[in-house]
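**Q** From first to last, the protein sequence lines stand for chains A and B. The numbering of the first sequence is the working numbering, which starts it at 17 and goes up by one. The numbering of the second sequence is the working numbering, which starts it at 17 and goes up by one. Here a beta-carbon is modelled for each residue, glycine too, at the ideal position from N, C-alpha and C.
Protein chains: 2
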Amino acid sequence: MFIESPRYTERFGSIRMNHVQRVVALDSGRKSELPLHGAMGVMKIEEETIKHFEDRMAIVIPVKDEKLKLIEGVISGVPHDCLVIVVSNSQIEKVDRFRMEGDALNQLCRFTLRQALIAHQKDPAIAEAAIEAGYNGLLGEDGLVRNGKSEAMIIGLLMAKASGKEYVGFIDADNYFPGAVLEYVRNYAAGFSLAQSSYSMVRILWLYKPKISGGVYFKKWGRVSETTNKHLNHLISSKIGFETEVVKTGNAGEHAMSMKLAEIVPYASGYAVEPQELISIFENFGGILSSRERKVMEQGVDIFQIETRNPHLHEEKGEEHLDEMLLSAMSTIYHSPLCGEEVKEATLTELVNRGILKEGEEPPLVHINAPLKEVDTKKFIKAIQDDFHRYQVLP
Amino acid sequence: MFIESPRYTERFGSIRMNHVQRVVALDSGRKSELPLHGAMGVMKIEEETIKHFEDRMAIVIPVKDEKLKLIEGVISGVPHDCLVIVVSNSQIEKVDRFRMEGDALNQLCRFTLRQALIAHQKDPAIAEAAIEAGYNGLLGEDGLVRNGKSEAMIIGLLMAKASGKEYVGFIDADNYFPGAVLEYVRNYAAGFSLAQSSYSMVRILWLYKPKISGGVYFKKWGRVSETTNKHLNHLISSKIGFETEVVKTGNAGEHAMSMKLAEIVPYASGYAVEPQELISIFENFGGILSSRERKVMEQGVDIFQIETRNPHLHEEKGEEHLDEMLLSAMSTIYHSPLCGEEVKEATLTELVNRGILKEGEEPPLVHINAPLKEVDTKKFIKAIQDDFHRYQVLP
Chain A
17 MFIESPRYTE RFGSIRMNHV QRVVALDSGR KSELPLHGAM GVMKIEEETI KHFEDRMAIV
77 IPVKDEKLKL IEGVISGVPH DCLVIVVSNS QIEKVDRFRM EGDALNQLCR FTLRQALIAH
137 QKDPAIAEAA IEAGYNGLLG EDGLVRNGKS EAMIIGLLMA KASGKEYVGF IDADNYFPGA
197 VLEYVRNYAA GFSLAQSSYS MVRILWLYKP KISGGVYFKK WGRVSETTNK HLNHLISSKI
257 GFETEVVKTG NAGEHAMSMK LAEIVPYASG YAVEPQELIS IFENFGGILS SRERKVMEQG
317 VDIFQIETRN PHLHEEKGEE HLDEMLLSAM STIYHSPLCG EEVKEATLTE LVNRGILKEG
377 EEPPLVHINA PLKEVDTKKF IKAIQDDFHR YQVLP
Chain B
17 MFIESPRYTE RFGSIRMNHV QRVVALDSGR KSELPLHGAM GVMKIEEETI KHFEDRMAIV
77 IPVKDEKLKL IEGVISGVPH DCLVIVVSNS QIEKVDRFRM EGDALNQLCR FTLRQALIAH
137 QKDPAIAEAA IEAGYNGLLG EDGLVRNGKS EAMIIGLLMA KASGKEYVGF IDADNYFPGA
197 VLEYVRNYAA GFSLAQSSYS MVRILWLYKP KISGGVYFKK WGRVSETTNK HLNHLISSKI
257 GFETEVVKTG NAGEHAMSMK LAEIVPYASG YAVEPQELIS IFENFGGILS SRERKVMEQG
317 VDIFQIETRN PHLHEEKGEE HLDEMLLSAM STIYHSPLCG EEVKEATLTE LVNRGILKEG
377 EEPPLVHINA PLKEVDTKKF IKAIQDDFHR YQVLP
């Protein structure tokens with residue numbers, strides 16, 4: 017694989033946030049030699065290197081009633097050496113879709129001699145393990161894990177930790193192209209290979225997100241992404257005193273972290289999860305507010321933003337959730353202790369102008385799940401490991 | 017990569033035509049061990065093996081005014097070790113699109129230190145080389161190479177031969193997904209690795225070809241493909257006396273051949289090129305008509321049909337050409353010396369029922385370009401090699 021070198025890096029406190037790096041070609045072959053390449057701004061990531069990180073990586077796929085054919089396609093695109101972890105919140109009553117997902121996963125694993133894990137978000141055993149670990153914030157009023165993608169991500173993270181993985185990547189289950197999934201995971205590996213710190217994050221920027229209506233239009237920016245990035249950059253600019261446009265992946269659902277970083281980041285509920293991760297990193301390690309994590313401050317945090325070679329074509333879920341997405345993202349900015357008056361005003365104006373809030377209203381606080389380091393993950397893992405076989409899909 | 021084993025093979029004369037094999041997963045990692053796998057019907061194709069064949073393969077991309085972004089994407093998906101050969105018939109006057117294509121190719125090659133070749137179909141030097149080689153059938157009335165994809169394929173083949181490549185694959189330039197292109201080439205390599213004979217062919221069957229109109233519909237079969245396959249199978253069944261449905265890739269634009277096979281197959285003009293390849297192989301090596309190629313009869317011909325994991329999403333070119341495609345395909349069947357009365361009737365009925373021919377009409381003969389072995393390829397190659405630098409894109 018050929019990827020642009022990380023030429024521009026913004027430094028805030030101990031964060032090294034890299035500008036977008038484009039994937040130049042999907043494969044780099046055996047024969048290519050790149051003596052002058054550093055100078056040309058393009059790097060070769062060796063196959064060896066990619067496989068090294070894939071072997072240490074779990075891929076968590078949150079699922080909620082997506083079509084089976086899509087889920088199968090996504091899994092068939094995840095590199096073999098990665099551990100696949102499906103966390104499903106699909107319906108069980110009426111039609112037991114969860115069981116169908118398990119069957120499909122089982123079949124794929126059998127044919128490709130691969131192990132995987134699958135868990136249901138509403139499994140009472142997982143809720144019990146959460147209570148055991150003091151992770152009560154994860155639970156809803158019914159005593160089970162709350163609905164939502166970030167809660168699925170947390171379950172996936174804990175399972176990845178229980179399996180001894182050092183990296184964890186998230187992939188949405190509604191992707192039409194297995195080949196694009198393959199690329200995302202390889203991009204994660206490429207990013208991790210460039211990190212100096214063991215606290216690292218890779219966020220995916222789609223080359224295009226084609227819109228389908230009558231024909232295909234290769235849209236570059238979603239309305240929500242563009243606005244989220246603008247205000248995240250505003251927040252950062254206001255703190256460092258130099259205007260920056262470095263953030264291009266504020267809403268990146270496709271992203272990955274080293275387990276060490278994943279353990280110290282909080283996970284906001286709903287659509288706020290991705291921007292909140294960035295904001296929490298800025299708050300904790302940006303050098304403005306004080307940090308209790310001396311180790312991290314010493315090593316630093318590396319953030320990579322990688323632009324794919326493939327477009328992103330996924331199942332359209334309608335436009336209704338766009339306002340909610342934007343409100344969540346603006347809320348994470350608005351309520352951050354980093355956020356000064358000017359940035360607050362700008363986010364309010366944005367929301368009022370778009371008719372999402374009325375004059376005088378504030379964006380509601382988003383529920384935030386504590387970082388794993390604040391709960392007793394050992395107890396959680398012990399509790400689920402006792403019947404880990406229930407989650408295991410063996411070939 | 018994991019692929020279904022070739023479980024069912026139809027044998028006609030010295031042809032081994034394999035039923036469709038599905039790609040099960042895009043990557044097979046380092047760690048997978050498959051002790052029982054033969055028995056389970058799925059094989060692992062090692063990365064080593066794939067790279068071995070990629071290194072010996074040229075990928076020919078016929079281009080005709082496709083959008084530059086698409087061409088760039090396609091090239092960025094071709095594995096690095098393959099030699100890329102672009103044969104363009106794009107406009108030169110008004111806007112010099114050919115020059116833009118060359119510039120884009122040059123930029124990509126520079127960034128990824130890769131070599132490539134690019135030629136224009138209407139280059140007088142190529143027409144002169146064709147005359148030198150006694151390949152006058154390749155030329156039109158204007159004394160230049162005729163328009164059409166098969167003529168571009170032939171130029172690509174000759175350039176691949178001049179470059180010493182042992183395999184040649186064709187990829188259309190209008191594909192939206194670089195990751196799908198990557199898969200096609202890897203599927204070619206996988207197919208070749210399974211061949212017993214040095215005369216081998218790999219034809220791609222798309223998992224789905226999504227139709228876009230208001231939403232996405234994952235269509236499996238195009239109308240033309242389905243009909244072409246039906247009549248090709250009818251032709252074969254009528255000769256072997258057992259009904260077969262083995263042919264699923266009659267119109268496969270994405271296909272590849274060993275150079276040895278590519279040299280002895282004729283190339284029909286226009287949309288007839290892909291079905292005609294199969295029919296010529298049936299005619300020459302199917303054991304019904306006599307063959308002058310003793311070597312091939314001894315070794316046999318291996319044909320693989322591989323179903324991709326990725327769907328195929330390409331630029332829609334409208335529906336007008338569908339009738340023409342079907343007429344060309346039916347014509348190759350109708351005029352084959354293998355074709356008996358019953359099969360002839362069936363193709364005529366098909367064309368009349370669809371309103372493509374009137375009662376009593378026959379499908380017109382399609383122009384067929386002679387196989388390379390019938391022309392003096394050495395002279396052709398010598399003629400173009402003298403100024404080969406004109407076609408070379410160096411990093």
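Excluding the five sequence neighbours on either side, which residues of its own chain have a C-beta within less than 7 Å of the C-beta of Leu329(B), listed in chain order?
**A** For Leu329(B), where only same-chain residues beyond five positions count, the Cβ hits under 7 Å are Tyr192, Phe193 and Pro226.
**Q** Measuring only the C-alpha atoms, how far is Trp222(A) from Ala268(B)?
**A** Distance between the alpha carbons of Trp222(A) and Ala268(B): 30 Å.
**Q** Ignoring anything shorter than 3 residues or poking outside the region 17–93 of chain A, list the beta strand (DSSP E) runs there in chain order.
**A** Counting whole runs of 3 or more residues, the region 17–93 of chain A contains the beta strand (DSSP E) stretches 18–20, 25–28, 31–34, 37–41, 58–60 and 73–79.
**Q** Which residues in chain A have a C-beta closer than 7 Å to the C-beta of Ile228(B)? List them in chain order.
**A** Within 7 Å Cβ-Cβ: Ile228, Gly231 and Val232.
**Q** Rounded to whole angstroms, what's the CA-CA distance from Ile416(A) to His271(A)? Just pull it up for me.
**A** Chain A is shown only over 17 to 411; residue 416(A) falls outside these bounds and no answer can be derived.
**Q** Could you tell me whether any Cβ in chain B is nearer than 9 Å to the Cβ of Phe69(A)?
**A** It does not: the Cβ of Phe69(A) has no partner Cβ on chain B nearer than 9 Å.
**Q** Would you verify that the beta carbon of Asp81(A) is, or is not, closer than 9 Å to some beta carbon of chain B?
**A** It does not: the Cβ of Asp81(A) has no partner Cβ on chain B nearer than 9 Å.
**Q** Measuring straight from C-alpha to C-alpha, what distance separates Phe298(B) and Arg32(B)?
**A** Their Cα atoms are separated by approximately 11 Å.
**Q** Would you mind listing the beta strand (DSSP E) stretches within the region 250–293 of chain A that are 3+ residues and don't spill past its ends, in chain order?
**A** Listed in chain order, the complete beta strand (DSSP E) runs (minimum 3 residues) inside the region 250–293 of chain A are 271–274.
**Q** Between Ser344(A) and Leu160(A), what straight-line distance do the alpha-carbon atoms span, to the nearest angstrom?
**A** Cα to Cα, Ser344(A) sits roughly 23 Å from Leu160(A).
**Q** Take Arg130(A) as the anchor and find which of Asn163(A), Ile400(A) and Val94(A) has the nearest alpha-carbon.
**A** Nearest option by C-alpha distance: Val94(A).
**Q** Please go through the same chain and pick out, in chain order, the residues whose beta-carbon is closer than 8 Å to the beta-carbon of Ile187(B), but skip the five residues on each side of it.
**A** Taken in chain order, the residues that qualify are Ile75, Val76, Ile77, Val90, Val94, Val197, Tyr200, Val201 and Glu270.
**Q** Kindly indicate which three-state DSSP category Pro226(B) falls into: helix, strand or coil?
**A** It is a strand residue.
**Q** Helix, strand or coil for Gly207(A), going by three-state DSSP, please let me know.
**A** Looking at Gly207(A) - three-state DSSP - the assignment turns out to be helix.
**Q** Got a sec: is the Cβ-Cβ distance from Val235(B) to anything in chain A below 9 Å?
**A** In the sequence as presented, Val is not what sits at residue 235(B); that position holds Lys. Chain A contact via Cβ: absent.
**Q** Which ranges would you report for the alpha helix (DSSP H) in the region 292–379 of chain A if only whole runs of at least 4 residues count?
**A** Runs found: 310–315, 337–350 and 357–369.
**Q** Between the region 300–318 of chain A and the region 21–41 of chain A, do three or more beta carbon pairs fall short of 8 Å?
**A** Yes, the region 300–318 of chain A touches the region 21–41 of chain A.
**Q** Considering only the alpha carbon of each residue, which of Ala132(A), His351(A), Arg126(A) and Asn163(A) lies closest to Pro411(A)?
**A** Closest option to Pro411(A), Cα to Cα, is Arg126(A).
**Q** Determine whether the beta carbon atoms of Ser96(A) and Asp43(B) lie at a separation below 9 Å.
**A** Note that residue 96(A) is His in the sequence shown here, rather than Ser. Yes. Within cutoff.
**Q** Can you tell me the Cα-Cα spacing of Phe114(B) and Val382(B), whole angstroms?
**A** The alpha-carbon atoms of Phe114(B) and Val382(B) are separated by roughly 28 Å.
**Q** Hey, could you find the ends of the alpha helix (DSSP H) Ile412(A) is sitting in?
**A** The structure shown does not extend to residue 412(A), since chain A is modelled only from 17 to 411, so the question has no answer here.
**Q** Residue ranges of each beta strand (DSSP E) run of no fewer than 3 residues wholly in the region 110–150 of chain B, ordered along the chain?
**A** Those beta strand (DSSP E) runs which fall completely within the region 110–150 of chain B and span 3+ residues are 132–136.
**Q** Give the residues of chain A in contact with Gly93(B), contact being defined as C-beta atoms less than 9 Å apart.
**A** By Cβ distance, chain A contributes Ala41, Leu42, Asp43, Gly195, Arg325 and Asn326.
**Q** So which residues on chain B does His96(A) lean against when the C-beta distance must stay under 7 Å?
**A** Under the 7 Å cutoff, chain B gives Ala41, Asp43, Ser44, Gly45 and Ser48.
**Q** What is the rounded straight-line gap between the Cα of Thr393(A) and the Cα of Gly207(B)?
**A** If you take the alpha carbons of Thr393(A) and Gly207(B), they lie about 48 Å apart.
**Q** Taking Cβ-Cβ distances below 9 Å as the criterion, which residues of the region 119–140 of chain B are in contact with chain A?
**A** Going along the region 119–140 of chain B in chain order, one finds Leu124, Arg126, Phe127, Thr128, Leu129 and Arg130 with a Cβ nearer than 9 Å to chain A.
**Q** Report the three-state DSSP secondary structure of Val409(A) (helix, strand or coil).
**A** Of the three classes helix, strand and coil, the one that applies to Val409(A) here is strand, per DSSP.
**Q** Could you pull the start and end residues of the alpha helix (DSSP H) that Leu221(A) belongs to?
**A** Counting along the chain, Leu221(A) falls outside any alpha helix (DSSP H), though it belongs to the beta strand (DSSP E) covering Ser216 to Leu221.
**Q** Closest to Gly185(A) by CA distance: which of Ser166(A), Pro353(A) and Val218(A) is it?
**A** The shortest C-alpha separation from Gly185(A) is found at Val218(A).
**Q** Distance cutoff 9 Å, beta carbons only. Does Val58(B) sit that close to anything in chain A?
**A** Interface residue, yes.
**Q** According to the neighbour-count rule (16 or more other Cβ atoms, all chains shown, within 10 Å of its Cβ), is Asp119(A) buried or exposed?
**A** Asp119(A) is exposed by the Cβ-count criterion.
**Q** Can you list, in chain order, the residues of its chain with a C-beta nearer than 7 Å to that of Leu121(A)? Leave out the 5 residues immediately preceding and following it.
**A** These residues qualify, in order along the chain: Ile91, Val102, Ala132, Ile134 and Val409.
**Q** Listing by chain order, which chain B residues have their CB less than 7 Å from the CB of Glu84(A)?
**A** Correcting the residue type first, residue 84(A) is Leu in the shown sequence and not Glu. In chain order: nothing, as chain B lies at least about 13 Å away.
**Q** For Glu199(B), return the contacting residues in chain A, with the cut-off set at a CB-CB distance below 7 Å.
**A** Within 7 Å Cβ-Cβ: Gly195.
**Q** If we cut at 9 Å on Cβ distances, does Phe18(B) have a partner in chain A?
**A** Yes, Phe18(B) counts as interfacial toward chain A.
**Q** Please classify Asn430(B) as buried or exposed, where buried requires at least 16 neighbouring CB atoms within 10 angstroms.
**A** Outside the shown range of chain B (17 to 411) lies residue 430(B), about which nothing can therefore be said.
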